[in-house]
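The structure appears right after this line, and notes come after that.
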């Protein structure tokens, strides 16, 4: 496989793990901020637990794990089968 074919094949790869990581990180940050500024009424509605804060932390950690997974084990293009020129 030539270098240009390899670059072309790698451009066709799209790793959804990065998209999932980004969304979980974004929503995690939003929920963390909401959880920090929850009113007493909202906290009492959840039996005294800052549910937005804890859920946001969980989502942020999950997003970070997806990002780490994508970074440590990136997608690779499969090698093309050799061309048979004898036929």
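Numbering (the UniProt record's numbering), first residue to last: 1 to 87.
Glycine included, C-beta positions come from ideal geometry on N, C-alpha and C.
The structure displayed is predicted, hence computed values, not measured ones.
Could you give the DSSP three-state label for residue i: helix, strand or coil?
i: residue 55; result: helix
i: residue 46; result: coil
i: residue 134; result: Coverage of the chain is limited to positions 1 through 87, which leaves residue 134 absent and any answer about it impossible.
i: residue 14; result: coil
Please report the distance separating the alpha-carbon of residue i from that of residue j.
i: residue 84; j: residue 65; result: 43 Å
i: residue 14; j: residue 50; result: 36 Å
i: residue 28; j: residue 77; result: 32 Å
i: residue 25; j: residue 54; result: 14 Å
i: residue 56; j: residue 41; result: 19 Å
i: residue 52; j: residue 58; result: 10 Å
i: residue 39; j: residue 63; result: 27 Å
Checklist entry - Touching or not, the region 16-27 and the region 35-50, by the rule of three or more beta carbon pairs under 8 Å? => result no
Checklist entry - Do the region 63-73 and the region 31-39 meet, that is, are 3 or more Cβ pairs less than 8 Å apart? => result no
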